[in-house]
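Some notes on the structure that comes next.
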Amino acid sequence: MGRFFWLQEDEGVAASYGGTLNAGHRWGLPGLLNCPSCSKTWAGSGSYFPGVNLMALGDAEREFRKARPEPLAEFLRLRELVVPLAPPRAALQPGSRLGPLVGKCRGRFPDFAWLGDILLAQPHVIGGLQERGVREVEAFPTALLARPGAQSDLLEVQLAHHGQLHADCIPESVAPPCKACGWFGLRRPDEPVLDASTLPSGLDLFRLGNFETMVICTERFLDAVSSIEGDGLTWRELPVRAGRVNPGAARGGGE
Ligand SMILES: [Zn+2]
């Protein structure tokens, strides 16, 4: 098992470039209204699929423009329309954001730029990572206007959901995810631990399956970033622990 690192924005570097972003994704799945099992009304964060183009749905794309919660049956109906357009096994949870970022950007950005937990990159960065053997890194054009009539060339990195926080770092008081809707009332642990048995072996950059706002990378990814002298990222190595012997004690879900 290799080493894994939690990526975040290098805020000092971002501030030194001074760029600002004001944007949201063109489409989204609705949130969930009153889950019949757990009664929660919610929309998740950390689920972004910029490569999903709903124009293929014709007039039905309008149903995905406005963020709002919907009852489970309507949520499932709309999700079924998106599944054929999304990556295989994509975690299309309530509130998933779809399509390009639409909005404005001003000023200059580092090689890796962040909008909350959304990861963007300059075009040369993606090619540089791929040339250095980083696996499964995909990025899609944004629809950000840098000036009136001038589109930004920033790309958004599309990240699959893989791996889980280890049960050891999830408080006993946190209930397991809702089996009907996936809602999971976990706050980010101060000392996250990864469950070795859930970690992917074939890719170098992903979001955690049971804590989607955390972006995780491998040592291979960091080596490639160092090689291209990419800036805009900070990282922290996370401990990796074997899963519990008794699978009944395991928690987590979402995949
Ligand atoms: Zn539920």
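Residue 215 is where the sequence shown starts when you use my numbering, and the numbers rise one by one after that.
The beta-carbon is built from N, C-alpha and C at its ideal position, and this holds for glycine as well.
**Prompt:** Using the rule of at least 16 other Cβ atoms within 10 Å of the residue's Cβ for burial, across every protein chain shown, is Ser-415 buried or exposed?
**Reply:** exposed
May I ask whether a heavy atom of ligand 1 can be found less than 7 Å away from the beta carbon of Ser-411? no
Review point. Quick one: what's got a C-beta closer than 6 Å to Pro-264's C-beta in the same chain, skipping five residues either side?
Key: Pro-314, Phe-354, Glu-370, Gln-372
**Message:** Between Ser-261 and ligand 1, is there a pair consisting of the residue's CB and a ligand heavy atom that are separated by less than 7 Å?
**Reply:** no
Does the beta-carbon of Met-428 have 16 or more other beta-carbons within 10 angstroms, so that it is buried, or is it exposed? buried
Determine, for Phe-425, whether the minimum Cβ-Cβ distance to residues of chain B falls below 8 Å. Absent here is chain B; the protein component of the structure consists of one chain.
Just to be sure I understand the criterion: a residue counts if its Cβ is closer than 6 Å to at least one heavy atom of ligand 1. Which residues meet that? Cys-249, Ser-251, Cys-252, Lys-254, Cys-392, Ala-394, Cys-395, Trp-397
* Asked: Thinking C-alpha only, which one of Trp-449, Leu-268, Ser-251, Pro-285 is nearest Phe-278?
  -> Leu-268
Taking 8 Å as the threshold (C-beta atoms), are Leu-246 and Cys-395 in contact?
yes
*CB-CB length for Phe-219 against Cys-383, believed under 8 Å*: Incorrect: roughly 16 Å between the Cβ atoms, too far for contact.
| task | Can you tell me which of the three DSSP states Cys-431 falls into? | result | strand
**Report entry** From Ala-456, Glu-433, Ala-257, residue whose alpha carbon lies closest to that of Asp-449
**Finding:** The question names Asp, but residue 449 in the sequence shown is Trp. It is Glu-433 whose Cα lies nearest to the Cα of Trp-449.
Open item on the list: Please classify His-338 as buried or exposed, where buried requires at least 16 other C-beta atoms within 10 Å of its C-beta.
Closed with: exposed
Please say whether Leu-359 and Phe-323 have beta carbons closer to each other than 8 Å? no
DSSP-derived helix/strand/coil call for Leu-373 | coil
Smallest Cα separation from Leu-452: which of Ile-332, Pro-285, Ser-366, Asp-404?
Asp-404
### Query
What number of angstroms, rounded off, separates the C-alpha of Glu-469 from the C-alpha of Ser-440?
For Glu-469, the predicted model reports a pLDDT of 37, less than 50, meaning its position is unreliable and no value from the coordinates is stated.
- prompt: Helix, strand or coil: which one does DSSP assign to Pro-283?
  reply: strand
| request: Please check the pair Ala-300 and Val-266, which I expect to be a contact at CB under 8 Å, by giving their CB distance rounded to whole angstroms. | output: 5 Å
* Straight-line Cα distance separating Gly-260 from Leu-413 -> 18 Å
- CA-to-CA distance, Asp-437 to Lys-254, given in whole angstroms: 42 Å
Which residue's Cα is closest to the Cα of Asp-273: Asp-445, Gly-341, Leu-295?
Leu-295
Note the first and the last residue of the continuous beta strand (DSSP E) segment covering Glu-451.
-> 447-452
Taking only the alpha-carbon atoms, compute the straight-line gap between Gln-378 and Gly-238 and give it to the nearest angstrom. 27 Å
| task | Quick one: using the 10 Å Cβ neighbour count with 16 as the cut-off for buried, is Pro-302 buried or exposed? | result | exposed
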